[in-house]
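**Student:** One structure, pasted below without further comment.
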């Protein structure tokens with residue numbers, strides 16, 4: 001190889017320091033830092049979006065009109081149930097097999113109406129037998145009466161003949177003795193007749209027991225037996241003997257039993273006015289008054305039972321319905337004078353930018369309403385003259401993060 005060729009190859013060789021300089025070129029770390037910063041910004045935006053649109057858990061209460069608020073003007077509220085002071089499980093007074101059941105649930109019956117019948121063949125036979133015995137006893141009385149009359153006439157004749165000396169005195173005495181004996185037999189037989197008549201009455205009563213009648217006017221609420229089953233007034237084991245035909249309730253005797261906490265029983269007085277609201281009809285107020293405070297406390301619940309009379313009866317009121325009773329200071333006389341607007345809990349009113357506002361929940365979102373509550377308090381309620389309607393769900397104690405249009409998850413506040 002010539003010198004020129006060696007020099008040429010040397011020039012073509014790339015030295016180590018030349019390779020490092022060529023490989024370096026522009027630095028790449030600024031781009032990496034920029035990518036990481038962009039990624040963190042995207043993650044932060046996603047977190048902000050998720051947290052800002054997450055549903056806020058709130059408690060709500062229902063706005064009510066003053067006329068339908070059961071607590072307006074009430075000194076105390078209590079819950080209880082509708083009860084019937086007059087109800088009975090109708091049963092037979094004798095053991096027997098049902099041959100007819102003439103009732104169904106919901107039937108209205110009158111006092112004395114036939115509800116069911118039992119097999120009466122044995123009782124009818126017993127009644128016929130004692131009637132025959134009584135008839136025989138009565139016939140024997142008639143026989144003794146006729147014999148006594150004849151003996152009295154014979155004794156009179158013998159006495160007359162003995163007075164004239166035509167017959168011995170002994171014959172006249174025997175005739176009088178026969179009269180006395182016949183009279184005693186007649187009295188004895190009359191006692192037998194009375195006993196036979198009593199047996200007839202007893203058999204007749206047992207026979208009448210085969211017909212089961214309604215003890216009072218009312219409504220049948222349960223039907224407990226069917227044709228062919230044995231009923232008995234006595235409790236029997238097993239499932240073959242029924243103790244009742246059905247239950248009858250006098251709807252005119254319905255009242256309310258409420259349990260009042262013993263710490264507040266001093267607020268309740270006899271004849272105190274009250275209002276009852278059935279759980280099934282929350283917009284229907286029933287005028288009522290206190291009948292009596294039962295003088296006994298429940299040790300386990302620390303309550304005292306109070307009987308409350310319903311002043312208006314209605315077919316919608318049925319036994320065992322849940323009811324809330326408001327005990328009033330004075331009887332409500334004019335519902336039309338109720339103030340305009342709705343009542344909401346005072347803690348539903350919040351301050352935003354110097355304004356009184358209420359958040360209404362509709363469609364899973366909070367709607368801000370500017371309100372002007374009145375100065376008068378209704379217990380723990382405030383009157384809102386406008387901007388709200390009865391039935392609106394309002395947020396209780398709105399959190400500071402709650403804004404108009406925010407997603408909310410509602411939970412009805414417990415009373």
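Numbering (the UniProt record's numbering), first residue to last: 1 to 415.
We put the beta carbon where it would ideally sit given N, CA and C, even for glycine.
Do the region 201-219 and the region 153-168 touch if we need at least three Cβ pairs shorter than 8 Å?
**Tutor:** no
**Student:** Would you identify the three-state DSSP class for residue 182, choosing helix, strand or coil?
**Tutor:** The residue labelled residue 182 in the question sits at position 182 within the chain shown. Helix.
**Student:** Identify whether residue 188 lies in helix, strand or coil by the three-state DSSP scheme.
**Tutor:** Start at 1 with the first residue of the chain shown, and residue 188 comes out as number 188. Helix at residue 188.
**Student:** Nearest to residue 355 by CA position, among 371, 343 and 347, is which residue?
**Tutor:** As a position in the chain shown, residue 355 is number 355, starting the count at 1. The shortest Cα separation from residue 355 among 371, 343 and 347 belongs to 371.
**Student:** Alpha carbon to alpha carbon, what distance is there between residue 226 and residue 64?
**Tutor:** Translated into positions along the chain shown, residue 64 becomes position 64. Translated into positions along the chain shown, residue 226 becomes position 226. Approximately 49 Å between the Cα atoms of the pair.
**Student:** Compute the beta-carbon to beta-carbon distance between residue 387 and residue 369, rounded to the nearest angstrom, for a pair I have assumed lies under 8 Å.
**Tutor:** By one-based count along the chain shown, residue 387 stands at place 387. By one-based count along the chain shown, residue 369 stands at place 369. Confirmed, about 5 Å.
**Student:** Quick check on this structure: which residue in 198, 384 and 265 has the alpha carbon closest to the alpha carbon of residue 137?
**Tutor:** The sequence position of residue 137 within the chain shown is 137, counting from 1. Answer by Cα proximity: 198.
**Student:** Name the two residues that bound the continuous beta strand (DSSP E) containing residue 222.
**Tutor:** As a working note, residue 222 is residue 222 in the chain shown. First-last of the beta strand (DSSP E) with residue 222: 218-223.
**Student:** Roughly how many whole angstroms lie between the Cα atoms of residue 110 and residue 152?
**Tutor:** Taking the first residue of the chain shown as 1, we reach residue 110 at position 110. Taking the first residue of the chain shown as 1, we reach residue 152 at position 152. Cα atoms of residue 110 and residue 152: separation of roughly 58 Å, rounded to the nearest angstrom.
**Student:** Take the Cβ of residue 170 as the centre, count every other Cβ of all protein chains shown within 10 Å, and call the residue buried at 16 or more, exposed below.
**Tutor:** Counting from 1 along the chain shown, the entry for residue 170 is found at position 170. So residue 170 ends up on the exposed side.
**Student:** Mind checking residue 398: buried by the 16 CB within 10 Å criterion, or exposed?
**Tutor:** The residue you call residue 398 lines up with position 398 of the chain shown. A residue is called buried once 16 or more other Cβ atoms fall within 10 Å of its Cβ, and residue 398 is buried on that count.
**Student:** For residue 103, which residues of its own chain have a beta-carbon under 8 Å away from its beta-carbon, when the five flanking residues on both sides are left out?
**Tutor:** Numbered from 1 along the chain shown, position 103 holds the residue referred to as residue 103. Result list for residue 103: 109, 115, 116, 220, 223, 245 and 246, in chain order.
**Student:** For residue 305, list the residues DSSP reports as bridge partners.
**Tutor:** For the purposes of this step, residue 305 is taken as residue 305 along the chain shown, with counting starting at 1. Answer by DSSP bridge pairing, in chain order: 259.
**Student:** For residue 351, which of 374, 400, 194 and 342 has the nearest alpha-carbon?
**Tutor:** Residue numbering aside, residue 351 sits at position 351 when the chain shown is read from its first letter. Comparing Cα positions, the closest option is 400.
**Student:** What is the DSSP secondary structure of residue 70, counted as helix, strand or coil?
**Tutor:** As a first step, residue 70 must be located in the chain shown, where it is residue number 70. Low local confidence applies: a pLDDT of 47 at residue 70 is under 50, so the model's placement there is unreliable, with the coordinate-based value given in what follows. DSSP places residue 70 in coil when its eight states are reduced to three.
**Student:** Among 207, 394, 83 and 277, which residue has its Cα nearest to the Cα of residue 125?
**Tutor:** On the chain shown, residue 125 is found 125 positions in, with the first residue counted as 1. Closest by alpha carbon: 207.
**Student:** Residues in its own chain within less than 6 Å of residue 286 by CB, not counting five upstream and five downstream?
**Tutor:** What you label residue 286 is simply residue 286 of the chain shown in a count that begins at 1. Excluding sequence neighbours, residue 286 sits near 276, 310 and 312.
**Student:** When the distance is taken between beta carbons, is residue 147 closer than 7 Å to residue 95?
**Tutor:** The residue given as residue 95 occupies position 95 in the chain shown. The residue given as residue 147 occupies position 147 in the chain shown. Contact flag unset, no.
**Student:** Less than 7 Å between the beta carbons of residue 92 and residue 118, yes or no?
**Tutor:** Reading the chain shown from its first residue, position 92 is the one you call residue 92. Reading the chain shown from its first residue, position 118 is the one you call residue 118. Against a cut-off of 7 Å, the Cβ pair of residue 118 and residue 92 comes out as a contact.
**Student:** Note the first and the last residue of the continuous beta strand (DSSP E) segment covering residue 60.
**Tutor:** Taking the first residue of the chain shown as position 1, residue 60 is located at position 60. That run of the beta strand (DSSP E) goes 56-62.
**Student:** For a test of the three-state rule: what should DSSP assign to residue 428, helix, strand or coil?
**Tutor:** Outside the displayed range of the chain (1 to 415) lies residue 428, so it cannot be described from this structure.
**Student:** Residue 58: which of 321, 270, 347 and 149 sits nearest, CA to CA?
**Tutor:** On the chain shown, position 58 is the one that residue 58 refers to. Of the candidates 321, 270, 347 and 149, the residue whose Cα lies closest to the Cα of residue 58 is 347.
**Student:** Find the nearest neighbour of residue 210 within the set 196, 230 and 195, judged by alpha-carbon distance.
**Tutor:** Along the chain shown, one-based indexing puts residue 210 at 210. Nearest of 196, 230 and 195 to residue 210, Cα basis: 230.
**Student:** Helix, strand or coil, according to DSSP, for residue 208 in the structure here?
**Tutor:** The residue you call residue 208 lines up with position 208 of the chain shown. The answer is helix: DSSP assigns residue 208 an H, G or I state.
**Student:** Which first and last residues belong to the alpha helix (DSSP H) in which residue 156 is found?
**Tutor:** On the chain shown, residue 156 is found 156 positions in, with the first residue counted as 1. From DSSP, the alpha helix (DSSP H) with residue 156 extends over 121-163.
**Student:** Across the region 72-88 and the region 248-264, are there enough close Cβ pairs to call them in contact, namely three or more that are closer than 8 Å?
**Tutor:** yes
**Student:** Three-state secondary structure (DSSP) at residue 285?
**Tutor:** Start at 1 with the first residue of the chain shown, and residue 285 comes out as number 285. Strand at residue 285.
**Student:** For a quick check, are the C-beta atoms of residue 301 and residue 294 less than 7 Å apart?
**Tutor:** One-based indexing of the chain shown puts residue 301 at position 301. One-based indexing of the chain shown puts residue 294 at position 294. Contact: no.
**Student:** Are the beta-carbon atoms of residue 200 and residue 130 separated by less than 7 Å?
**Tutor:** Reading the chain shown from its first residue, position 200 is the one you call residue 200. Reading the chain shown from its first residue, position 130 is the one you call residue 130. Going by C-beta atoms, residue 200 is nearer than 7 Å to residue 130.
**Student:** Residue 408 and residue 358 - do their beta-carbons sit closer together than 7 Å?
**Tutor:** On the chain shown, position 358 is the one that residue 358 refers to. On the chain shown, position 408 is the one that residue 408 refers to. No, these two residues do not count as a Cβ contact at 7 Å.
**Student:** Assign residue 34 to one of two classes, buried (16 or more other C-beta atoms within 10 Å of its C-beta) or exposed (fewer than that).
**Tutor:** Against the chain shown, residue 34 aligns to sequence position 34. By the 10 Å Cβ count, residue 34 comes out exposed.
**Student:** In chain order, which continuous runs of the alpha helix (DSSP H) of length 4 or greater are located wholly inside the UniProt domain "YknX-like C-terminal permuted SH3-like" (343-409)?
**Tutor:** none
**Student:** At which residues does the beta strand (DSSP E) containing residue 91 begin and terminate?
**Tutor:** Translated into the one-based positions of the chain shown, residue 91 becomes position 91. Premise fails: residue 91 is in no beta strand (DSSP E) and is neither H nor E.
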